[in-house]
Every structure is written in C-alpha cells, then in structure tokens.
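Q: Below are the structure tokens for one structure; questions will follow.
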Amino acid sequence: MELGQLLVNEGIVTREQVQSARDAHGGMRIDQALIKTGAITEDKLLRTLSTEFGMDYVDLKEIQVDTDLLTKFPTSAIYRHSLLPLYRQNGHVVVATADPLNLEGLDELSTVSGFKLSPVLTRSGELGSRIHELLGVGGDTINELVRRRSEEGIELLEEINEDFGELAEGAQAPSVIKLVNELLMEAVKLQTSDVHIEPQENGMRVRFRLDGMLRVQPTPPEIAQFYNAIVTRLKIMSHLNIAEKRLPQDGRIKLRVSGREVDVRVSIIPMLHGEGVVMRLLDKARMKFDLKAVGMPPSVSKIYRQLIDLPHGIVLVTGPTGSGKSTTLYSALNEIKDPTIKIITVEDPVEYQMDGISQIQVHSRIGLTFAAGLRSILRHDPDVVLIGEIRDGETAQAAIQASLTGHLVFSTLHTNDAPSAFTRLVDMGVEPYLVASTVEGILAQRLVRRLCPHCKVATPLSKMDLPADIPSDQTDVVYEPKGCRECRDTGYAGRIGVFELLRTDPVIQRMCVEQKSSTDIRDYALKAGMTTLRSSGWEQVIAGVTSVDEVVRITRGDIVG
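Quick note: the sequence shown uses this note's numbering, first residue 33, plus one each step.
Laid out in structure tokens, this is it:
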C-alpha cells in the first residue's frame, strides 16, 4: 500500500494534508513531506510505522551500545545510511534506523560487515547525535577521505591564496578541507561560542564551549595524524603565515554556514606538543542587541536607561571575559542610536558591525591603540564614544578627558564587582577627584545558565544545602537540572545575565576622593539599596530560571552579618 494512503487509513493524517504536503514538497517522500509541513511529528510517524512494519521503536538514550561490535562495521556506511549497530541478539545485530524503507542501506551494511541485521526505529536527530558521539566529528571523512558531498554547507566569504607550495600540500587535500568544514559546521550547529583544538602527547583533543562550559567532543583516534594539516588549513583560511610555528598568531575567517554568516576569530599559540588553536565563533544571525533581551530586572533596567541617556560622563560595564559585557554595551548603543547622535567606537577587534555607528579597529603594531584612537576620534565631533576596554592608565586618562569635554563614554573594565572599578581606575594613575567627577555608573555582570524548561525539577528548599548568604525565607521550592534530549542531557539551555548596578552619588564621590577602599564603598552602596550579583542570581533562582548551584558557581558569596 502507498505510504500516504497507509497513514490516512491509520487516521494519522487526512487526505487533504497528504495532498497539501505533495503540493508543497513534490520531490520529497510523502512521510518526510508531512513532517516538513507539520501535519505529523516524526515521533508519531515512527511509532505508527513501527507497528506497521513490525519493528521496535527505541529511545537511544536508554540503550548501551556495544562499542567493540561497532568497530567491526565500516564507519563510511554508518554515516552514509545513518545506521547504528547497537548490540547482538539471537544471532543478529540490532541496528537503529530512522527510515524503515532504507532497505538498500541495510543490505549494504549487512554485505560489507557479514552480519545479519535486525532493524529498530528511532528518531533521526537522536540517531545522528549518537553516531557523532560514538564515532566523532568527521568520522566519515577519516574513513572515506576523498568522498565528495554534493553540498558542503560551508562557504568562505573571502578568497584565499591557493599557492602555498609544499608546506600546504597536506592541508589543501580535499579530505582535510572537508574535515575542517565538518568541524566548523558542527560547532555552528551546536551554537558553540569557542572551539579549542589542543595538541596532546598522544593525539589531540577538541573541546566546544557551550553555554560557558567546555565539553570534550568525541573524535576518532585516527584524526590525530591529520593534526598539523588541520592547523595549517586553519592558518590558510585565516590568512596567517603557515611557515611560522614559533610565535603566536591571530587571524579571522568569514564564513557562510547553511546560509548564516559567521565570523571566526582564530588564535594560534605554540605549545609543548604543537600549536594550540582557539576559535571564537560570532554568529551574526543569532545576535540581537536589545536591552530587553539582556535580562535586566526592571529595577536595574530603569537606572541603566537613565545612565545611557546622560549628556556626558563615563558608564562602565565590568566582568570577566565571556560575561556578556560587549552584548550589553552594543544593546545600549542600539537603544540610543539616532540620526541626530554621532556614535564612534574604538574596538579590538570589532566584533559586530552595526549600521549607523562608526567603528574603528585597533592596530597596536602601527600605533593605533585605544588611547591614540580615542584622541583622534574626538576631532570627529562625536556625541557618544565606546572604548572596547580600559586596559591601562593612558586609555583611562583619555576616557576621563573625553568625558570632561562633554562626551558620553562607554567602556569595559576587568574587575570582580562594581565598587572595585573606582579603586581600579585610581590604581591606573587617574586622580581620585577626576574618577569621582566623571564615572556616573558601573554595571557588573555575569552569565548564568538557564534551566532547561523541558526537564527542570522542583525541589523543596528544605532538602537543599544552601550557603549561609542565600536567604531561605523567600520561597519554599527551587528548580534543579535533570537532563533530557532537548538540552543534550545537560539540564541547561541558554544563558541569562545577573547584574550589580552602582550609580554614583555625592557620598560615593566623596569616598572616592578620600580613596576609601572598595569594601567601604560596597558597604555604603548596599545600605543605599544596591543589589549584589549573588542576590540578583537568587532572584533568578526564585523565578525558576536557574539553579542554586549555578548561582554559587558564578557569583561570590555576600558577607553575612
């Protein structure tokens, strides 16, 4: 019986839905077309077909795969047909598939392996993830190096010079190009912020940073022999010197992956066992610079909006690398951007290009530092200036002078909390009275992981072992991570900010001039109503957005008593 008619007879879809799917996706098999149009879910389809074809429907998360058995199958066939051998049973090998009609693939796998196969059905996404988990990113490339795909899915937006001589011979092989492309595509697909490729004494390791946490990516052992070729290929893509292996190098790759523009910042540093590579992925399609999306609570957002509307002064955002400072500042600029306002930025590097804003890239080697750039752009009659980071006394002095001459200055600073920013600027050599009269507000922030909404579990507070500084009288129940297929068993999905906003007032100005310690300034600010990072995190716990463990991991405890 024709598949569409079968699904109609089973009452899963209507004839109209079948016809609509055929009209919309004429070249596609009807079951896939129905999933594409949303007429049926993959889960419901497979459960129906499992009954019709007499196949079991399984959840791969609950199955222990026999890895020794897996090595007896060619990985090229596993990847090509999306078939995963699971375990032996009654003289057969049970194989997971997402397509009960894939008889050709089952026949090929049976022929090349010599095993009799017994298929079971599972979801395609789950199947693909498990194959990558067991065989590694690029596993099919290692075993079938010269096999081409009709659609690579990755496109370089800048031309590269193909003439690198013998040094690049291995790196320019189709196999290595494909391997590097697969690595980048997998990183973009998982929404990775950083990719770490690290040489080891006996091989290599690939780690992806997801939601701020590094996770080891399984790779086939054979990939280690291509390590030097992979690094060279990345150097070629980044327009770096492939012959230089003794000094650190920084470059940039502009890609289009599956139709999305991705900027990749590449850092290569010589290490004990070879050159280590870290790539930061900036997916332009995913970035939205909107203060509402940053996650500030209303009390913080109200004051921060007042700060960014000031005619002059300095507004700082502090926190460690990767805490979302740039996103907050870009969102602030986007909020105040207007044809009547001239906004100029000096950045190292320019992370995101924004319409309506003049952006300058720092080039320290030729003397264009933050301080030099800032002095120059003041002659361009700006109203608002963004300095990527205040790193030294020269930049700090230039920022102070800019604010004193009637400009609103945004910048970032590396301090652990908001009150420490005052003492940090004084330590850089800025006169205390100048710091007091120019710094209007400091926002300290961190990013905590959001609990997965599909699997978070309510836990009575009485069963929790809470730190002494976390109040336990505001709620009876908090939520904890569990893990499911939606969040890849981590219990978390995405991140949200926690904030500590300190607005300068006459008392803080006097304390700054008197060079009081950051602890004294902090004590006064708390009495004046400042919310700390820890208490901001606790508010997100009460709201069911994040977990107690996550807040404790990210923020420092408040002093109790």
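Glycine included, every Cβ here is placed at the ideal spot set by N, Cα and C.
Which one or two residues does DSSP pair with residue 228 in a beta bridge?
A: Bridge partners of residue 228: 239, 310.
Q: Could you say which of 350, 130, 525 lies nearest to residue 82 if we only look at CA atoms?
A: Answer by Cα proximity: 130.
Q: Given that a residue counts as buried once 16 or more other Cβ atoms are within 10 Å of its Cβ, and exposed if not, what is residue 255?
A: By the 10 Å Cβ count, residue 255 comes out buried.
Q: Does the beta-carbon distance from residue 159 to residue 205 come in below 8 Å?
A: It is not a contact, given that the beta carbons lie outside the stated cut-off.
Q: Could you spell out where the alpha helix (DSSP H) holding residue 144 opens and where it closes?
A: First-last of the alpha helix (DSSP H) with residue 144: 135-145.
Q: Start and end of the alpha helix (DSSP H) containing residue 81?
A: Taken as a continuous stretch (DSSP letters only), the alpha helix (DSSP H) holding residue 81 covers 74-85.
Q: Looking at the structure shown, is residue 355 part of a helix, part of a strand, or coil, going by DSSP?
A: Here residue 355 sits in coil by DSSP.
Q: Assuming residue 311 and residue 384 form a contact by the criterion Cβ under 8 Å, report the distance between their Cβ atoms to the nearest whole angstrom.
A: Between residue 384 and residue 311 the Cβ distance is about 17 Å, and since that is not below 8 Å, they are no contact.
Q: Determine the extent of the alpha helix (DSSP H) in which residue 442 is found, giving its start and end residues.
A: Counting along the chain, residue 442 falls outside any alpha helix (DSSP H), though it belongs to the beta strand (DSSP E) covering 440-445.
Q: Quick one: is residue 153 buried, meaning 16 or more other Cβ sit within 10 Å of its Cβ, or exposed?
A: Per the 10 Å Cβ criterion, buried.
Q: Can you tell me whether DSSP reads residue 538 as helix, strand or coil?
A: Residue state, collapsed to three classes: helix.
Q: In the structure shown, what three-state DSSP assignment does residue 274 receive?
A: In the structure shown, residue 274 sits in coil (DSSP, three-state: anything other than H, G, I, E or B).
Q: May I have a chain-ordered list of the alpha helix (DSSP H) segments no shorter than 4 residues that lie completely inside the region 90-142?
A: The qualifying runs are 99-102, 107-113.
Q: Please list, in chain order, all residues of the same chain as residue 134 whose beta carbon is under 7 Å from its beta carbon, the five residues on each side excluded.
A: Closer than 7 Å at the Cβ level, and outside the excluded window around residue 134, lie 113.
Q: Between which two residues does the beta strand (DSSP E) carrying residue 501 extend?
A: Neither: residue 501 is in no beta strand (DSSP E) and is coded neither H nor E.
Q: What's the gap between the Cα of residue 397 and the Cα of residue 165?
A: Computed Cα separation, rounded: 43 Å.
Q: Kindly list the residues whose CB is nearer than 7 Å to the CB of residue 222, restricted to its own chain and excluding five residues on each side of it in sequence; keep chain order.
A: The answer, listed in chain order, is 240, 242.
Q: To the nearest angstrom, how far is it from the Cα of residue 500 to the Cα of residue 429?
A: Looking at the two C-alpha atoms, the distance is approximately 41 Å.
Q: How long is the line joining the alpha carbons of residue 116 and residue 486, rounded to whole angstroms?
A: Going from the Cα of residue 116 to the Cα of residue 486 covers about 27 Å.
Q: Check whether the region 461-477 and the region 489-508 are in contact - that is, three or more C-beta pairs closer than 8 Å.
A: Verdict: no, contact absent.
Q: Would residue 324 count as contacting chain B if we go by Cβ distances under 8 Å?
A: Looking for chain B here will not work: only one protein chain is present.
Q: Quick check: the Cα distance between residue 77 and residue 88, rounded to an integer number of angstroms?
A: Straight-line Cα distance between these residues: approximately 13 Å.
Q: Between residue 595 and residue 73, how many whole angstroms is the CB-CB distance? I'm expecting something under 8 Å.
A: Nothing about residue 595 can be reported from this structure: the residues present for the chain run from 33 to 593 only.
Q: Which first and last residues belong to the alpha helix (DSSP H) in which residue 326 is found?
A: 323-326 is the span of the alpha helix (DSSP H), which, as asked, contains residue 326.
Q: Among 42, 391, 186, 360, which residue has its Cα nearest to the Cα of residue 296?
A: For residue 296, the nearest C-alpha among the options comes from 186.
Q: What three-state label does DSSP hand residue 257 in the structure shown?
A: The answer is helix: DSSP assigns residue 257 an H, G or I state.
Q: Which residues bound the alpha helix (DSSP H) around residue 452?
A: Where residue 452 is concerned, the enclosing alpha helix (DSSP H) stretches over 452-459.
Q: Span of the alpha helix (DSSP H) holding residue 68?
A: First-last of the alpha helix (DSSP H) with residue 68: 62-69.
Q: Under DSSP, the beta strand (DSSP E) around residue 393 begins and ends at which residues?
A: Note, residue 393: beta strand (DSSP E), 390-393.
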